[in-house]
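Chemist: Structure incoming, see below.
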Amino acid sequence: MKTSVYVLLCAALTCGLIHGESHDVEELQVESLVKPETCSVLSTMGDTLQIHYTGKLMDGKVIDSSLSRDPLVVELGKRTVIAGLEQSLVGVCEGQKIKATIPAHLAYGKKGYPPTIPGDAPLEFEVEVISLIQQTLWQKMVNYVFPLMCLALVPTLLALVGLYLYKKANGQKSSKKKAKDKKSKKK
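Note that this note's numbering has the sequence shown beginning at 183, numbered continuously upward.
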């Protein structure tokens with residue numbers, strides 16, 4: 183009798199019947215709730231979005247909402263919001279509403295954000311994209327081209343400074359030798 187109770191207890195624990203419904207979320211899940219009829223422009227990294235959002239724990243407790251405030255401005259790629267929310271905003275249209283279920287490692291991780299968000303807590307965000315402003319050519323250059331130019335320019339400048347100092351150091355030695363030679367010839 184004790185053995186059968188023990189086996190049933192182990193089976194219940196294994197199946198998760200005692201712990202209730204599990205909220206383990208391993209990867210980002212994005213569901214489109216409302217999509218406009220015409221969607222000519224999808225968001226990409228570097229674009230600026232204005233969004234309204236409501237963030238919740240998996241039990242439904244609201245942790246934050248922008249509905250009573252001005253829309254949140256998010257520039258994709260600048261890490262101004264948690265990683266999972268930023269990733270869920272890539273590929274959306276102006277006027278679109280999405281529901282993003284974000285695993286803990288793409289939200290606040292093991293530490294959470296006490297006292298509001300416990301550690302290892304997956305989150306659920308409902309987001310409405312109010313406006314989408316595409317990245318301009320100038321912004322693309324500043325974000326992508328200039329850093330590459332700096333990567334190439336810095337070593338080049340360092341090499342030129344090194345070459346200048348090397349030539350200057352060797353030039354002084356030969357000048358000193360010439361001065362000594364002149365003095366020795368005069369004597």
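C-beta: ideal position from N, C-alpha, C; glycine also.
Does the distance from the C-beta atom of Ile284 to that of Leu210 stay below 7 Å?
Modeler: Working through the sequence shown from its first residue, we reach residue 284 at position 102. Working through the sequence shown from its first residue, we reach residue 210 at position 28. Yes, these two residues count as a Cβ contact at 7 Å.
Chemist: Nearest to Ser214 by alpha carbon, out of Phe307, Lys260, Val244, Leu288?
Modeler: Taking the first residue of the sequence shown as position 1, residue 214 is located at position 32. It is Phe307.
Chemist: Tell me which residue opens and which closes the alpha helix (DSSP H) that Glu208 is part of.
Modeler: What you label residue 208 is simply residue 26 of the sequence shown in a count that begins at 1. That residue, Glu208, is in no alpha helix (DSSP H); it is neither H nor E in DSSP.
Chemist: Quick check on the burial criterion: 16 or more other C-beta atoms within 10 angstroms. Buried or exposed for Thr304?
Modeler: In the sequence shown, the residue the question calls residue 304 occupies position 122. Note that residue 304 corresponds to Pro in the displayed sequence, not to Thr. Pro304 comes out buried.
Chemist: Which residues bound the beta strand (DSSP E) around Leu319?
Modeler: Translated into positions along the sequence shown, residue 319 becomes position 137. Careful: Leu319 lies outside any beta strand (DSSP E), inside the alpha helix (DSSP H) at 319–322.
Chemist: By the three-class DSSP mapping on this structure, what secondary structure does Leu231 have?
Modeler: By 1-based counting over the sequence shown, the position of residue 231 is 49. It is a strand residue.
Chemist: Give me whichever residues DSSP pairs with Ala351 in a beta bridge.
Modeler: Position 169 of the sequence shown, counting from 1, holds the residue named residue 351. The partner list for Ala351 (beta bridge, DSSP) is empty, contrary to what the question assumes.
Chemist: Starting from the C-beta of Ser216, find all residues in its chain whose C-beta is less than 7 Å away, skip the five residues before and the five after it, and write them out in chain order.
Modeler: Here the question's residue 216 lines up with position 34 in the sequence shown. For the record, residue 216 in the displayed sequence is Val; it is not Ser. Closer than 7 Å at the Cβ level, and outside the excluded window around Val216, lie Gln278, Lys279.
Chemist: Are Leu231 and Gly273 closer than 7 Å when you measure CB to CB?
Modeler: For the purposes of this step, residue 231 is taken as the residue at position 49 of the sequence shown. For the purposes of this step, residue 273 is taken as the residue at position 91 of the sequence shown. Not in contact: Leu231 and Gly273 (Cβ atoms no closer than 7 Å).
Chemist: By DSSP's criteria, Thr298 is part of a beta bridge. Which residues make up the other side?
Modeler: In the sequence shown, residue 298 corresponds to position 116, counting from 1. According to DSSP, which records beta bridges pairwise, Thr298 is partnered with nothing at all.
Chemist: With 16 other CB atoms within 10 Å as the buried threshold, where does Ser270 fall?
Modeler: As a first step, residue 270 is located in the sequence shown; it is residue number 88 there, counting from the start. Per the 10 Å Cβ criterion, buried.
Chemist: Is it buried or exposed for Gly266, if we count other Cβ within 10 angstroms and need 16 for buried?
Modeler: Looking up residue 266 in the sequence shown gives position 84. Classification of Gly266: buried, given that the 10 Å Cβ count is 16 or more.
Chemist: Please report the distance separating the alpha-carbon of Val336 from that of Tyr346.
Modeler: Indexing the sequence shown from 1 puts residue 336 at position 154. Indexing the sequence shown from 1 puts residue 346 at position 164. Roughly 15 Å between the two C-alpha positions.
Chemist: Between the beta-carbon of Leu258 and the beta-carbon of Met227, is there less than 7 Å?
Modeler: Translated into the one-based positions of the sequence shown, residue 258 becomes position 76. Translated into the one-based positions of the sequence shown, residue 227 becomes position 45. Yes.
Chemist: Taking just the CA atoms, how far does Glu268 sit from Glu276?
Modeler: As a working note, residue 276 is residue 94 in the sequence shown. As a working note, residue 268 is residue 86 in the sequence shown. The straight-line gap from Cα to Cα measures roughly 15 Å.
Chemist: Determine, using beta carbons only, whether Pro292 and Asp302 come nearer to each other than 7 Å.
Modeler: Residue numbering aside, residue 292 sits at position 110 when the sequence shown is read from its first letter. Residue numbering aside, residue 302 sits at position 120 when the sequence shown is read from its first letter. Pro is not the amino acid found at residue 292; the sequence shown has Lys there. Result yes, Cβ atoms of Lys292 and Asp302 sit closer than 7 Å.
Chemist: Classify Val343 as helix, strand or coil using the three-state DSSP reduction.
Modeler: Taking the first residue of the sequence shown as 1, we reach residue 343 at position 161. Three-state result, Val343: helix.
Chemist: Once the 5 residues before and after Leu342 are set aside, which same chain residues still bring their CB inside 8 Å of it?
Modeler: Counted from its first residue, the sequence shown places residue 342 at position 160. Hits under 8 Å: none found.
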